[in-house]
Structure formats: C-alpha cells, structure tokens
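K.L.:
In my numbering, the protein residues as written are 130 to 422.
Each residue gets a CB set at the ideal place from its N, CA and C atoms; glycine is no exception.
Given the structure is predicted, the values throughout are model-derived calculations rather than measurements.
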C-alpha cells in the first residue's frame, strides 16, 4: 500500500524542481531525501524518477502519482481538518444555581462561540434549583454553584469570587452605618432572588450562622422590580456588586459593604467526575473563570 508520505515527497520534488531544493524545503539533507525516495521506490516496486544529466524526470508511474496528488492531498487535508474540528464541535448544557449568574452568562457564551462556533451552548434555566442532581441524571454537563454539594461523583473547579453588598434606599437607616453586620438585618424585609433559602449565599453564610432571621423574606427574581421596591423603601436586598453597579451610578439606590472586610461569594463549575470530557468543555470552563469580565 502506498504511504501518503510517498505522494507528498514526489509532489514536493516535482514542484521545487530538484532533490536539493526539495531537501531545503523539508529541512533534510540531500542524501537523506534521496535515501527516502529510494526506499519508497523499493517498497512500491517501481521508479518514480529517471536521472538524466543530473536532472530528474518523472516516469509514467511518477506522473500518475503526481497527477493524482492534487485530489488525494486535498482530500487528506479535508479529513485532517474534520478530525481536528470534531474535538471542537458538540453540545454543552449549562445551568446556574443562582439566577443572578444569568446576567453575565449569555455574554460569556457569545464570546466562547466566536472561537467554538460548532459547539452548541444550551442554557438550561428551568432546573436551576438542583443542578447537581441534574448532572447526575445526565441532563446537564456543567453547573455554576456557590456552595459545593458533597458527592464523590461530582468534581468542582474554582472560578472566581465576587463581592455581595447590601442594597437599600437613600432614606434607609443603613446609610448611617460604615458597614453592616448580620444583626442589622434582624428587623428588615429581605428581598431575595429565589428560594430555597439554602441556595441564598448571604442567608446561609452570614445570617444563619449568627441565628439572625429577617422580619420578612420575599422572593422576587426580577432585578428591575426588586430595585423599584427598594427605592420605595419597601425592603432591602443583598446583590452582587457588579449587578447593582448601573443602579448605583444612576443614583437610584445606595449600597454598603457587609462586614468590615466585605462579604464575597465564591463560584464553582460542577461536572461529572470519573469520565473523560471533550476538550471543548475544559475550554468552556476556562472561559467561565473570566466571569462577568
């Protein structure tokens, strides 16, 4: 069987006019290339060139190979390209435990698609409540979590931290404080994005450890609607600083840090462990590390 290297070598020798020129192109010595050509001819059982007056001329066998080379090499190149791109095509189903992540996730997906146009990204919103369970069921490939769930079938990759701040009206008593602590929320109406409370990082990590229960907790997934309630001094919220920035810059609401050094929420990417994931999923997780940047 003729090796594809035979065809490439014969084509280069013909195109460059001599063994010496072809050797330079291939970064080989002239003797090394001549040895390769002789070995190919011995394996094929025919001569591809005749040598006359120090010049090479194609034999009928060599001409046949050269004439066929364009189509053969084009098909090989096409096949190599398809084999390479098959690692860059597929589907990623992703969900986030916290709905605020959907503010920045679509733009990140858009950036990823510019480099991986053949990877279909499906943002699965309706199973945000328990994404780890959906990974185990095979319904998700990646989930963004703030609190890892202990399970030896799930692996976690740290992504980034973002600061959470208290959001309130310009008339609220919080304006008088330099920063807030858990006890300050004891008599407040706390507006959250979604339930259960176990997925609300501020409640789980700040209020609950101190035994603090707000006077009232309301669920409101729409940030714009929550802002209007907060502006009317109907309640307070704790939101990512990057989410609330446009409203602060427009002077619609005020914010304060939680605890002296701030309260930060950590983000992780969860996926099924113990299996080999496609390379494009690893690349997507690297994109996730850039977060809302």
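With a 10 Å radius around its C-beta and 16 neighbouring C-beta atoms as the bar for buried, classify residue 291 as buried or exposed.
P.N.:
buried
K.L.:
Run through DSSP, which three-state label would residue 347 get?
P.N.:
Residue 347: strand per DSSP, three-state reduction.
K.L.:
Cβ of residue 198 within 8 Å of Cβ of residue 176?
P.N.:
no
K.L.:
Going by DSSP in three states, residue 177 sits in which element: helix, strand or coil?
P.N.:
coil
K.L.:
Is the beta carbon of residue 226 sitting closer than 8 Å to the one on residue 280?
P.N.:
no
K.L.:
Between residue 142 and residue 173, what straight-line distance do the alpha-carbon atoms span, to the nearest angstrom?
P.N.:
17 Å
K.L.:
What are the partner residues of residue 185, as DSSP defines its beta bridges?
P.N.:
180
K.L.:
Got a sec, what are the start and stop residues for the alpha helix (DSSP H) residue 265 sits in?
P.N.:
260 to 266
K.L.:
May I ask you to verify whether the segment 316 to 335 touches the segment 220 to 234, counting CB pairs closer than 8 Å and requiring at least 3?
P.N.:
yes
K.L.:
Please confirm whether any heavy atom of the ligand HEM lies closer than 7 Å to the CB of residue 291.
P.N.:
Looking at this structure, you won't find the ligand HEM or any other ligand, since it has none at all.
K.L.:
For residue 137, which beta-bridge partners are listed by DSSP?
P.N.:
Its beta-bridge partners do not exist; DSSP assigns none.
K.L.:
Just to confirm my understanding: we take residue 218, look at its own chain, exclude 5 residues before and 5 after, and list those with CB closer than 7 Å. What are they?
P.N.:
Short of 7 Å from the beta carbon of residue 218, and not among the five residues preceding or following it, lie these beta carbons of its own chain, in chain order: 247, 248.
K.L.:
When you compare only the Cα positions, how much space is there between residue 231 and residue 255?
P.N.:
12 Å
K.L.:
Note down the Cα distance separating residue 344 from residue 314, rounded to an integer number of angstroms.
P.N.:
8 Å
K.L.:
Quick check: what's the CA-CA separation for residue 404 versus residue 412?
P.N.:
16 Å
K.L.:
Sort out for me which residues DSSP pairs residue 290 with in a bridge.
P.N.:
395
K.L.:
Applying the 10 Å Cβ sphere with the 16-neighbour rule, what's the burial state of residue 264?
P.N.:
buried
K.L.:
Which partner residues does residue 400 have in the DSSP bridge list?
P.N.:
Partner residues in the beta bridge of residue 400, as assigned by DSSP, are 284.
K.L.:
What three-state label does DSSP hand residue 158 in the structure shown?
P.N.:
coil
K.L.:
Mapping DSSP to helix, strand and coil, what is residue 193?
P.N.:
helix
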